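K.L.:
So the sequence shown is residues 63 to 387, counted in the working numbering.
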Amino acid sequence: MSQPPPPEPPYPGWDPAQPPPGTGQWGPPGYPPSWGAGQPPGWGAAHPPGWGGWVDPHDPLVPPPHAGLNGWSERLIGVIRRSWRTLLPIVLLTQFLPALVIGVASLAAPTVPTDPAAGQGLPDLGDLFAFVAGLIVLSLAIGVVSSVGWAAGTWALARQAAGEPVGVPAALRYGLSRGVGLWAWTLLVSLLVVAGLCACLLPGIYLAFALSLVGPVYLFERGNPIGRAFQIFHGSLGLVLGRVALLALIVVGGAVLIELVTSGLGLALGVGQGLTVGAVLVTIVSTLVASPLYLVQLVGLVTTYAEWRGRQGPVGTGQLVAELG
(Lines of atoms letter the chains of each structure in order from A and count residues from 1; the text may use other names and numbers.)
(Lines give C-alpha, C1' and ligand atoms only; values in the text may rest on other atoms or scores of the structure.)
Protein backbone atom coordinates (compact mmCIF):
# COMPACT_ATOMS: atom_id res chain seq x y z
CA MET A 1 0.00 0.00 0.00
CA SER A 2 1.49 3.34 -1.05
CA GLN A 3 1.92 6.09 1.50
CA PRO A 4 0.67 9.65 0.94
CA PRO A 5 3.27 12.24 0.00
CA PRO A 6 4.74 14.27 2.86
CA PRO A 7 3.00 17.58 3.59
CA GLU A 8 4.43 20.96 2.73
CA PRO A 9 6.57 22.51 5.48
CA PRO A 10 4.35 24.32 8.02
CA TYR A 11 7.09 26.80 8.94
CA PRO A 12 10.56 27.86 7.67
CA GLY A 13 13.36 25.49 8.57
CA TRP A 14 11.00 22.62 9.29
CA ASP A 15 12.75 19.29 9.74
CA PRO A 16 10.52 16.47 8.41
CA ALA A 17 12.23 14.04 10.79
CA GLN A 18 10.84 15.92 13.78
CA PRO A 19 7.31 16.93 14.80
CA PRO A 20 6.47 20.64 15.01
CA PRO A 21 7.49 22.22 18.34
CA GLY A 22 5.13 21.51 21.21
CA THR A 23 2.95 19.05 19.31
CA GLY A 24 4.44 15.80 20.56
CA GLN A 25 5.12 12.76 18.38
CA TRP A 26 2.61 13.01 15.56
CA GLY A 27 3.11 9.59 14.03
CA PRO A 28 4.99 6.32 14.27
CA PRO A 29 8.81 6.46 14.09
CA GLY A 30 10.33 6.19 10.66
CA TYR A 31 8.94 9.17 8.78
CA PRO A 32 8.30 9.34 5.88
CA PRO A 33 7.67 5.61 5.13
CA SER A 34 5.17 5.16 7.97
CA TRP A 35 3.63 8.65 7.84
CA GLY A 36 -0.13 8.56 8.15
CA ALA A 37 -0.26 4.86 9.02
CA GLY A 38 -3.45 3.86 10.72
CA GLN A 39 -5.33 7.06 9.91
CA PRO A 40 -8.65 6.93 8.05
CA PRO A 41 -8.70 8.10 4.40
CA GLY A 42 -9.00 11.84 4.06
CA TRP A 43 -8.10 12.44 7.68
CA GLY A 44 -6.95 16.01 8.08
CA ALA A 45 -8.33 17.03 4.67
CA ALA A 46 -10.68 19.57 6.23
CA HIS A 47 -7.87 21.35 8.05
CA PRO A 48 -5.79 24.33 6.92
CA PRO A 49 -3.19 23.77 4.16
CA GLY A 50 -0.01 22.22 5.47
CA TRP A 51 -1.66 20.89 8.62
CA GLY A 52 -1.37 17.29 7.44
CA GLY A 53 -2.53 15.63 10.66
CA TRP A 54 0.57 16.12 12.83
CA VAL A 55 -0.93 15.08 16.10
CA ASP A 56 -0.05 12.60 18.76
CA PRO A 57 -3.06 10.28 18.97
CA HIS A 58 -2.14 9.68 22.59
CA ASP A 59 -1.72 13.34 23.59
CA PRO A 60 -3.08 13.56 27.16
CA LEU A 61 -4.93 16.84 26.60
CA VAL A 62 -5.59 17.29 22.87
CA PRO A 63 -7.56 14.46 21.19
CA PRO A 64 -7.05 13.70 17.49
CA PRO A 65 -9.53 15.58 15.25
CA HIS A 66 -11.35 12.37 14.34
CA ALA A 67 -11.75 11.12 17.94
CA GLY A 68 -15.10 12.82 18.57
CA LEU A 69 -16.91 12.69 21.89
CA ASN A 70 -15.04 9.58 22.99
CA GLY A 71 -11.70 11.33 22.58
CA TRP A 72 -12.91 14.33 24.58
CA SER A 73 -14.38 12.22 27.39
CA GLU A 74 -11.21 10.11 27.60
CA ARG A 75 -9.11 13.25 28.05
CA LEU A 76 -11.52 14.64 30.64
CA ILE A 77 -11.45 11.43 32.69
CA GLY A 78 -7.69 11.15 32.22
CA VAL A 79 -7.10 14.67 33.52
CA ILE A 80 -9.27 14.02 36.58
CA ARG A 81 -7.46 10.76 37.36
CA ARG A 82 -4.05 12.33 36.88
CA SER A 83 -4.61 15.70 38.56
CA TRP A 84 -7.36 15.34 41.15
CA ARG A 85 -4.88 15.28 44.04
CA THR A 86 -3.63 18.70 42.98
CA LEU A 87 -6.94 20.13 41.82
CA LEU A 88 -8.97 19.11 44.87
CA PRO A 89 -7.02 21.28 47.38
CA ILE A 90 -7.21 24.19 44.91
CA VAL A 91 -10.97 23.71 44.58
CA LEU A 92 -11.43 23.49 48.35
CA LEU A 93 -9.42 26.66 48.97
CA THR A 94 -10.76 28.80 46.14
CA GLN A 95 -14.25 27.43 45.45
CA PHE A 96 -15.52 25.58 48.53
CA LEU A 97 -14.47 28.14 51.14
CA PRO A 98 -15.79 31.17 49.17
CA ALA A 99 -19.08 29.37 48.46
CA LEU A 100 -19.33 28.46 52.14
CA VAL A 101 -18.79 32.07 53.19
CA ILE A 102 -21.53 33.25 50.84
CA GLY A 103 -23.85 30.47 51.98
CA VAL A 104 -23.39 31.22 55.68
CA ALA A 105 -23.67 34.98 55.10
CA SER A 106 -26.94 34.43 53.24
CA LEU A 107 -28.38 32.75 56.33
CA ALA A 108 -28.16 36.08 58.15
CA ALA A 109 -30.51 37.79 55.69
CA PRO A 110 -33.44 39.70 57.23
CA THR A 111 -36.41 37.37 57.07
CA VAL A 112 -39.91 38.13 55.89
CA PRO A 113 -42.58 36.75 58.26
CA THR A 114 -44.66 33.93 56.86
CA ASP A 115 -47.53 34.69 59.25
CA PRO A 116 -48.50 38.39 59.20
CA ALA A 117 -51.05 37.72 61.92
CA ALA A 118 -48.21 37.06 64.35
CA GLY A 119 -47.69 40.80 64.60
CA GLN A 120 -44.28 40.85 62.96
CA GLY A 121 -43.60 43.59 60.47
CA LEU A 122 -41.50 43.57 57.33
CA PRO A 123 -37.73 43.88 57.80
CA ASP A 124 -36.34 47.41 57.95
CA LEU A 125 -35.55 48.61 54.43
CA GLY A 126 -32.30 50.16 55.61
CA ASP A 127 -31.14 46.87 57.11
CA LEU A 128 -32.20 44.99 53.99
CA PHE A 129 -30.35 47.42 51.70
CA ALA A 130 -27.21 47.24 53.84
CA PHE A 131 -27.31 43.45 53.81
CA VAL A 132 -27.74 43.25 50.03
CA ALA A 133 -24.95 45.80 49.45
CA GLY A 134 -22.65 43.92 51.79
CA LEU A 135 -23.44 40.64 50.08
CA ILE A 136 -22.65 42.14 46.66
CA VAL A 137 -19.29 43.48 47.87
CA LEU A 138 -18.48 40.13 49.47
CA SER A 139 -19.43 38.31 46.27
CA LEU A 140 -17.14 40.54 44.20
CA ALA A 141 -14.23 39.91 46.55
CA ILE A 142 -14.88 36.19 46.57
CA GLY A 143 -15.08 36.24 42.76
CA VAL A 144 -11.41 37.22 42.69
CA VAL A 145 -10.54 34.23 44.87
CA SER A 146 -12.53 31.89 42.64
CA SER A 147 -10.81 33.26 39.51
CA VAL A 148 -7.42 32.64 41.13
CA GLY A 149 -8.51 29.03 41.59
CA TRP A 150 -9.65 28.66 37.96
CA ALA A 151 -6.31 30.01 36.70
CA ALA A 152 -4.33 27.86 39.14
CA GLY A 153 -6.28 24.74 38.24
CA THR A 154 -5.86 25.30 34.50
CA TRP A 155 -2.10 25.78 34.88
CA ALA A 156 -1.76 22.72 37.11
CA LEU A 157 -3.72 20.27 34.95
CA ALA A 158 -1.95 21.40 31.76
CA ARG A 159 1.54 21.02 33.25
CA GLN A 160 0.71 17.66 34.76
CA ALA A 161 -0.61 16.50 31.39
CA ALA A 162 2.79 17.43 29.97
CA GLY A 163 4.49 15.31 32.64
CA GLU A 164 5.88 18.24 34.62
CA PRO A 165 5.85 18.28 38.44
CA VAL A 166 3.29 20.63 39.94
CA GLY A 167 2.66 21.71 43.51
CA VAL A 168 -0.36 23.50 44.93
CA PRO A 169 1.66 26.54 46.14
CA ALA A 170 3.21 27.02 42.66
CA ALA A 171 -0.22 26.70 41.03
CA LEU A 172 -1.70 29.29 43.39
CA ARG A 173 1.17 31.67 42.67
CA TYR A 174 0.34 31.41 38.98
CA GLY A 175 -3.33 31.88 39.79
CA LEU A 176 -2.55 35.07 41.69
CA SER A 177 -0.68 36.44 38.67
CA ARG A 178 -3.63 35.91 36.32
CA GLY A 179 -6.64 35.80 38.62
CA VAL A 180 -7.56 39.50 38.66
CA GLY A 181 -7.63 39.72 34.87
CA LEU A 182 -9.68 36.54 34.63
CA TRP A 183 -12.05 37.88 37.29
CA ALA A 184 -12.63 41.11 35.33
CA TRP A 185 -13.60 39.22 32.18
CA THR A 186 -15.69 36.73 34.15
CA LEU A 187 -17.55 39.58 35.84
CA LEU A 188 -18.33 41.15 32.46
CA VAL A 189 -19.58 37.80 31.15
CA SER A 190 -21.75 37.35 34.26
CA LEU A 191 -23.30 40.80 33.77
CA LEU A 192 -24.06 40.02 30.12
CA VAL A 193 -25.67 36.69 31.02
CA VAL A 194 -27.74 38.23 33.82
CA ALA A 195 -28.89 41.01 31.48
CA GLY A 196 -29.88 38.37 28.93
CA LEU A 197 -31.79 36.39 31.52
CA CYS A 198 -33.61 39.52 32.68
CA ALA A 199 -34.51 40.57 29.14
CA CYS A 200 -35.69 37.10 28.19
CA LEU A 201 -34.61 33.67 29.28
CA LEU A 202 -33.29 32.44 25.92
CA PRO A 203 -30.75 35.26 25.31
CA GLY A 204 -29.25 34.59 28.72
CA ILE A 205 -28.92 30.87 28.01
CA TYR A 206 -27.40 31.62 24.61
CA LEU A 207 -24.83 33.98 26.12
CA ALA A 208 -23.95 31.46 28.83
CA PHE A 209 -23.12 28.84 26.19
CA ALA A 210 -21.51 31.22 23.70
CA LEU A 211 -19.21 32.72 26.34
CA SER A 212 -18.44 29.50 28.19
CA LEU A 213 -14.85 29.37 26.90
CA VAL A 214 -13.91 32.93 27.89
CA GLY A 215 -11.78 31.62 30.77
CA PRO A 216 -9.59 29.23 28.74
CA VAL A 217 -9.34 31.74 25.88
CA TYR A 218 -8.11 34.45 28.25
CA LEU A 219 -5.57 32.17 29.93
CA PHE A 220 -4.17 30.62 26.74
CA GLU A 221 -4.59 33.48 24.23
CA ARG A 222 -5.01 36.58 26.44
CA GLY A 223 -6.43 38.99 23.83
CA ASN A 224 -10.16 39.76 23.35
CA PRO A 225 -11.58 36.65 25.07
CA ILE A 226 -15.23 37.62 24.59
CA GLY A 227 -14.97 38.16 20.84
CA ARG A 228 -12.83 35.08 20.49
CA ALA A 229 -15.29 32.96 22.49
CA PHE A 230 -18.13 34.06 20.19
CA GLN A 231 -15.98 33.19 17.18
CA ILE A 232 -15.16 29.74 18.53
CA PHE A 233 -18.78 29.02 19.47
CA HIS A 234 -20.23 29.96 16.08
CA GLY A 235 -17.37 28.45 14.10
CA SER A 236 -17.55 25.08 15.89
CA LEU A 237 -21.14 25.06 17.09
CA GLY A 238 -21.57 21.29 17.28
CA LEU A 239 -18.35 20.72 19.20
CA VAL A 240 -18.68 23.52 21.75
CA LEU A 241 -22.44 23.30 22.24
CA GLY A 242 -22.36 19.52 22.61
CA ARG A 243 -19.52 19.49 25.16
CA VAL A 244 -20.77 22.46 27.18
CA ALA A 245 -24.35 21.15 27.19
CA LEU A 246 -23.11 17.83 28.56
CA LEU A 247 -21.12 19.64 31.25
CA ALA A 248 -24.16 21.76 32.11
CA LEU A 249 -26.28 18.62 32.42
CA ILE A 250 -23.74 17.06 34.80
CA VAL A 251 -23.30 20.21 36.91
CA VAL A 252 -26.98 21.23 37.07
CA GLY A 253 -28.15 17.66 37.58
CA GLY A 254 -25.61 17.17 40.36
CA ALA A 255 -26.59 20.46 42.00
CA VAL A 256 -30.29 19.55 41.94
CA LEU A 257 -29.57 16.14 43.44
CA ILE A 258 -27.42 17.70 46.17
CA GLU A 259 -30.14 20.25 46.93
CA LEU A 260 -32.74 17.49 47.30
CA VAL A 261 -30.49 15.51 49.64
CA THR A 262 -29.54 18.50 51.79
CA SER A 263 -33.15 19.69 51.91
CA GLY A 264 -34.07 16.28 53.29
CA LEU A 265 -31.23 16.59 55.79
CA GLY A 266 -32.53 20.01 56.82
CA LEU A 267 -36.01 18.64 57.38
CA ALA A 268 -34.61 15.75 59.40
CA LEU A 269 -32.70 18.18 61.62
CA GLY A 270 -35.65 20.54 61.89
CA VAL A 271 -33.69 23.42 60.41
CA GLY A 272 -35.64 26.66 60.06
CA GLN A 273 -34.87 30.14 58.82
CA GLY A 274 -31.96 32.17 60.12
CA LEU A 275 -28.38 31.65 61.22
CA THR A 276 -28.66 28.51 63.33
CA VAL A 277 -26.27 25.68 64.04
CA GLY A 278 -28.37 23.26 62.00
CA ALA A 279 -28.56 25.63 59.04
CA VAL A 280 -24.78 26.16 59.09
CA LEU A 281 -24.20 22.40 59.24
CA VAL A 282 -26.46 21.79 56.25
CA THR A 283 -24.72 24.58 54.34
CA ILE A 284 -21.30 23.08 55.04
CA VAL A 285 -22.41 19.63 53.90
CA SER A 286 -24.10 20.85 50.71
CA THR A 287 -21.16 23.07 49.73
CA LEU A 288 -18.60 20.37 50.41
CA VAL A 289 -20.48 17.73 48.43
CA ALA A 290 -20.87 20.17 45.53
CA SER A 291 -17.11 20.88 45.35
CA PRO A 292 -16.36 18.10 42.81
CA LEU A 293 -18.78 19.79 40.41
CA TYR A 294 -16.41 22.77 40.22
CA LEU A 295 -13.58 20.38 39.37
CA VAL A 296 -15.56 18.69 36.59
CA GLN A 297 -16.59 22.06 35.15
CA LEU A 298 -13.00 23.34 35.13
CA VAL A 299 -11.55 20.22 33.51
CA GLY A 300 -14.41 19.98 31.01
CA LEU A 301 -14.05 23.53 29.74
CA VAL A 302 -10.27 23.28 29.40
CA THR A 303 -10.45 19.97 27.53
CA THR A 304 -13.16 21.41 25.27
CA TYR A 305 -10.90 24.32 24.40
CA ALA A 306 -7.96 21.94 23.86
CA GLU A 307 -10.06 19.79 21.54
CA TRP A 308 -11.09 22.84 19.53
CA ARG A 309 -7.46 23.96 19.23
CA GLY A 310 -6.50 20.50 18.02
CA ARG A 311 -8.99 20.78 15.17
CA GLN A 312 -7.58 24.10 13.98
CA GLY A 313 -3.97 23.07 13.40
CA PRO A 314 -0.92 21.33 14.83
CA VAL A 315 -0.99 21.80 18.59
CA GLY A 316 -0.21 19.61 21.55
CA THR A 317 -0.02 19.75 25.32
CA GLY A 318 3.50 21.15 25.26
CA GLN A 319 2.47 24.15 23.21
CA LEU A 320 -0.56 24.82 25.39
CA VAL A 321 1.63 24.77 28.50
CA ALA A 322 4.01 27.25 26.86
CA GLU A 323 1.10 29.56 26.04
CA LEU A 324 0.00 29.65 29.66
CA GLY A 325 3.39 31.11 30.56
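The beta-carbon is built from N, C-alpha and C at its ideal position, and this holds for glycine as well.
If you're wondering where the values come from, they're calculated on a predicted model, not measured in any experiment.
Check Ile139 in the structure and name its three-state DSSP category.
P.N.:
helix
K.L.:
Should Arg143 be labelled buried (16 or more other beta-carbon atoms within 10 Å of its own) or exposed?
P.N.:
exposed
K.L.:
Quick one, are the C-beta atoms of Ser353 and Val228 less than 7 Å apart?
P.N.:
no
K.L.:
Straight-line CA distance for Leu253 to Val276?
P.N.:
Taking the straight line from one Cα to the other gives about 14 Å.
K.L.:
What's the call for Asp189, buried or exposed, on a 16-neighbour Cβ count within 10 Å?
P.N.:
By the Cβ-count criterion, Asp189 is exposed, with fewer than 16 other Cβ atoms from all chains shown falling within 10 Å of its own Cβ.
K.L.:
Is Val207 near Thr156, with beta carbons less than 7 Å apart?
P.N.:
yes
K.L.:
On a CA-only basis, which of His296, Ala341, Val314 is nearest Trp370? Give me that one, please.
P.N.:
His296
K.L.:
Please state whether DSSP places Cys262 in a helix, a strand or coil.
P.N.:
Residue state, collapsed to three classes: coil.
K.L.:
Would the beta-carbon of Leu138 fall within 7 Å of that of Ala223?
P.N.:
no
K.L.:
Would you mind reading off the limits of the alpha helix (DSSP H) that contains His120?
P.N.:
Neither: His120 is in no alpha helix (DSSP H) and is coded neither H nor E.
K.L.:
I'd like to check one pair, Ala272 with Phe292: are the Cβ atoms closer than 7 Å?
P.N.:
yes
K.L.:
Taking all protein chains shown into account, decide if Phe282 is buried (16 or more other Cβ within 10 angstroms of its Cβ) or exposed.
P.N.:
buried
K.L.:
Hey, could you find the ends of the alpha helix (DSSP H) Ala129 is sitting in?
P.N.:
Where Ala129 is concerned, there is no enclosing alpha helix (DSSP H), given that its DSSP letter is neither H nor E.
K.L.:
Once you ignore the five residues that flank Arg221 on each side, which residues in its own chain have a CB closer than 7 Å to its CB?
P.N.:
Val228, Val383
K.L.:
With a 10 Å radius around its C-beta and 16 neighbouring C-beta atoms as the bar for buried, classify Ile198 as buried or exposed.
P.N.:
Exposed: under 16 other Cβ atoms inside 10 Å.
K.L.:
If you reduce the DSSP assignment to three classes, tell me which class Gly211 lands in.
P.N.:
helix
K.L.:
By Cβ distance, which residues of its chain are closer than 8 Å to Gly266, with the 5 residues on each side in sequence left out?
P.N.:
The answer, listed in chain order, is Val255, Val256, Ala257, Gly258, Leu259, Cys260.
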